[in-house]
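Inspection log for the structure reproduced underneath, given as structure tokens.
There are 2 protein chains.
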Amino acid sequence: MHKQKDRILLGHGSGGKLTHSLISDLFVKYFSNTALNQQTDSAILDLEADNIAFTTDSFVVDPLFFPGGDIGKLAICGTINDIAVSGATPLFLSSSFIIEEGFPMEHLEKIVKSMSAEAKYARIQIVTGDTKVVNKGKCDKIFITTTGIGKLAKKHKDISSGLKIKIGDKLLINGSIGDHGMAVMSARNELNLKASIDSDCASLNHLIDIALQVSDKIRFMRDATRGGLGTVLAELAKNRNYGIMIEETSLIIKENVKSICELLGFDPLYVANEGKVLMVVGKEDADKVLNALKKHEKGKNSSIIGEIVDQYYGKSWITTSIGGKRIIDMLAGEQLPRIC
Amino acid sequence: MHKQKDRILLGHGSGGKLTHSLISDLFVKYFSNTALNQQTDSAILDLEADNIAFTTDSFVVDPLFFPGGDIGKLAICGTINDIAVSGATPLFLSSSFIIEEGFPMEHLEKIVKSMSAEAKYARIQIVTGDTKVVNKGKCDKIFITTTGIGKLAKKHKDISSGLKIKIGDKLLINGSIGDHGMAVMSARNELNLKASIDSDCASLNHLIDIALQVSDKIRFMRDATRGGLGTVLAELAKNRNYGIMIEETSLIIKENVKSICELLGFDPLYVANEGKVLMVVGKEDADKVLNALKKHEKGKNSSIIGEIVDQYYGKSWITTSIGGKRIIDMLAGEQLPRIC
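As structure tokens, this is what we get:
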């Protein structure tokens with residue numbers, strides 16, 4: 005009947021025959037696992053956990069494909085990282101698709117394959133999902149919402165709230181900043197760059213595991229996504245009895261990221277990352293954690309970027325390369341829409 | 005700075021100051037609970053469960069507000085019902101919003117209030133969430149994705165797969181069919197009806213609890229949403245060593261639902277419900293379950309609508325009021341887009 009077998013039709017979201025074939029031919033094919041394959045409305049999961057971490061994110065990135073990743077990989081990494089930084093082991097993800105009528109089936113398959121590959125790397129399962137199709141023009145190509153569950157040890161440490169942070173603690177990050185945001189911006193604007201910028205989009209759960217294994221003095225972790233490292237630092241100091249001091253010279257900003265930031269007028273400190281975690285570590289363990297991170301492929305360029313100080317209460321400051329000092333505030337408006 | 009404090013701006017999705025004020029002034033205000041109020045990227049939850057049910061759904065209903073509900077209520081009920089029909093107790097929900105720039109803040113607040121009220125009724129907590137804002141014209145007003153976690157007893161029965169169904173079992177439903185789909189259609193088309201049609205949109209977890217308490221012979225449950233009761237019946241029989249026989253005269257279809265179905269050319273059997281659960285119950289317990297359902301506000305009009313038969317293997321049949329018989333097949337295409 006339909007000549008457009010290569011396009012998403014409204015019927016793919018109807019709950020009828022086309023929905024079923026989409027589930028079997030695409031989602032079950034690539035995400036295959038016991039829970040998903042049951043094809044019941046709820047996945048039934050073996051968990052045996054006293055405490056869990058639970059997180060959700062919607063992804064609306066534009067363009068869908070960019071150097072270093074795509075919306076599918078991003079949707080997996082983003083949710084995994086939110087769980088991992090809480091100290092939990094990510095186990096199960098759900099994935100819900102809102103798709104514009106007419107979206108090429110080939111692109112959907114590419115996205116789903118990419119999700120599947122990233123799920124394998126991170127060792128998590130995509131166990132349940134949903135698909136809605138809206139009329140042409142009612143959404144922009146495809147949006148994906150992933151929700152994740154991670155398992156926490158019964159006696160887990162609080163590394164999310166920041167309440168455990170002490171004066172003298174060191175701040176570490178696992179590499180360069182601003183890569184993801186500028187990769188998306190350069191792809192969106194089809195900028196002609198000498199060297200293309202790759203997004204740092206990555207699942208960090210294995211890297212984070214290593215850090216938690218070598219030290220029991222990890223006091224805080226957060227992945228620096230929307231709003232960049234600057235926003236995380238501003239939030240982290242807010243209302244606290246400590247200040248944060250960052251050395252600009254210790255931050256790694258790739259040359260091409262720096263150029264495009266200058267060109268477009270962005271401060272790399274506020275540009276989104278998708279594979280960077282900020283860790284606050286007791287000073288006695290900082291070098292040990294740094295060395296462990298450096299041995300992992302996702303942490304090769306890790307560095308200590310600053311420390312928790314007994315002054316500037318409630319504020320984050322950065323010492324600039326020319327010797328000055330400026331405050332790191334939160335972003336007031338939208339810097340870059342649809343970066344994730 | 006902004007004159008448009010009453011509208012959603014791109015900055016509300018930036019992860020910066022505006023995002024934070026949206027979270028505090030709206031989400032934390034209405035959804036308030038210990039886990040959410042921490043405002044960490046992952047909610048940390050006390051669960052103590054061996055097994056859980058995990059489900060997700062995106063809601064793109066158009067219009068957002070309709071008699072008997074709105075997109076917010078629907079997003080809570082839909083996810084709760086998917087968990088409840090698996091036999092689990094729904095506990096925690098996440099909620100992710102994709103919002104079009106310029107969306108009225110007043111409408112968002114109305115939706116969030118409605119979610120909060122339904123969450124209270126169902127006794128679940130909304131513990132984590134996300135907000136993305138896309139440029140005007142890049143999505144249609146607002147989409148909501150809810151994901152839920154329910155707790156299952158260690159030795160829970162399988163009531164999702166249909167594998168426990170036996171010949172002779174009775175089929176029950178907790179009231180009239182087609183209400184939700186036709187409520188949305190009449191609201192969308194601004195039809196001038198004598199009596200308005202209310203959506204049946206409801207959280208069924210308390211009702212389902214009652215059924216599971218009075219009988220250990222509940223063999224299967226599913227909420228009949230997209231694709232309607234017809235799709236559930238067609239799926240339930242598919243590839244099985246039994247058939248299903250439904251009596252058309254036992255189905256309740258409200259007069260105004262019937263009229264609008266005739267007017268628009270829909271078969272009520274395939275029209276979406278959002279507060280209806282199909283149960284398959286051992287025949288010896290069917291009356292007991294029926295009576296228990298009838299005592300609950302969401303089950304007053306429950307009835308036995310058919311049985312599992314030792315013929316028509318793999319097929320569902322319906323005997324029509326004029327004595328004929330027709331097969332119930334799955335929907336081939338999209339009947340009603342954006343009904344949920």
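Residue numbers (the working numbering), protein chains in the order written: chain A, 5 to 344; chain B, 5 to 344. A virtual CB, placed ideally from N, CA and C, is assigned to each residue, including glycine. All values reported here derive from a predicted model rather than from experimental measurement.
DSSP lists G73/B as the bridge partner or partners of F70/B. Taking G133/B as reference, the option from S203/B, N41/B and Y316/B with the minimal CA-CA separation is N41/B. Runs of the alpha helix (DSSP H) lying entirely within the segment 93–164 of chain B and spanning at least 4 residues, in chain order: 109–126. Restricting attention to S120/A, E113/A, E104/A and I102/A, the CA atom closest to the CA of F96/A is found in S120/A. DSSP links G247/A through a beta bridge to V313/A. Annotation for T59/B: the continuous beta strand (DSSP E) segment containing it runs A47 to F63. In this chain, the beta strand (DSSP E) harbouring L175/A covers K174 to I177. The CB of R230/B comes closer than 7 Å to the CB of S18 and G19 in chain A, given here in chain order. If one requires a minimum length of 4 residues, the alpha helix (DSSP H) runs lying completely within the segment 210–289 of chain B are 232–241 and 259–268, in chain order. In the DSSP secondary-structure assignment, I308/A is bridged to L176/A.
Residues I181 and I309 of the same chain have their beta carbon placed closer than 7 Å to that of L255/A, with the five preceding and five following residues left out of the count. Counting along the chain, no alpha helix (DSSP H) covers S320/A; the unbroken beta strand (DSSP E) around it starts and ends at S320 to T323. Under the Cβ distance rule, R330/A does not count among the residues neighbouring chain B, no pair being separated by less than 8 Å.
Annotation: S46/A to K114/A spans about 26 Å, alpha carbon to alpha carbon. Distances from the alpha-carbon of L208/A to those of K136/A, V285/A and G179/A put G179/A closest. In terms of CA proximity to A157/A, P94/A leads the group I103/A, K124/A and P94/A.
As computed with DSSP, I332/B is found in a beta bridge with S320/B.
Burial is judged here by how many other beta carbons sit within 10 angstroms of a residue's own beta carbon; E122/A has at least 16 and is buried.
The beta carbon of T324/B is closer than 6 Å to those of E252 in its chain, skipping five residues each way along the sequence. With a beta-carbon spacing of about 27 Å, E194/B and V138/B fall beyond the 8 Å limit used to define contacts. R342/A carries a coil assignment under DSSP once its states are collapsed to helix, strand and coil. When rounded, the separation of the alpha-carbon atoms in Y34/B and K142/A is 29 Å.
The beta carbon of K302/A lies closer than 7 Å to those of N178, A206, L208, L211 and G279 in the same chain, with the five residues before and after it left out.
The Cβ of G133/A sits closer than 8 Å to at least one Cβ of chain B. Note: R11/A is bridge-paired with P108/A in the DSSP secondary-structure output.
For S203/B, no alpha helix (DSSP H) encloses it, and the DSSP letter there is neither H nor E. Residues of chain B with a Cβ closer than 9 Å to the Cβ of C143/A are, in chain order, V64, I102, V138, K142, C143, D144 and F147. Exposure of Y317/B is indicated by the presence of fewer than 16 other C-beta atoms within 10 angstroms of its C-beta.
In terms of CA proximity to D227/A, L176/A leads the group L176/A, S219/A and D220/A. Annotation: the continuous alpha helix (DSSP H) that includes H184/A extends over D183 to R192.
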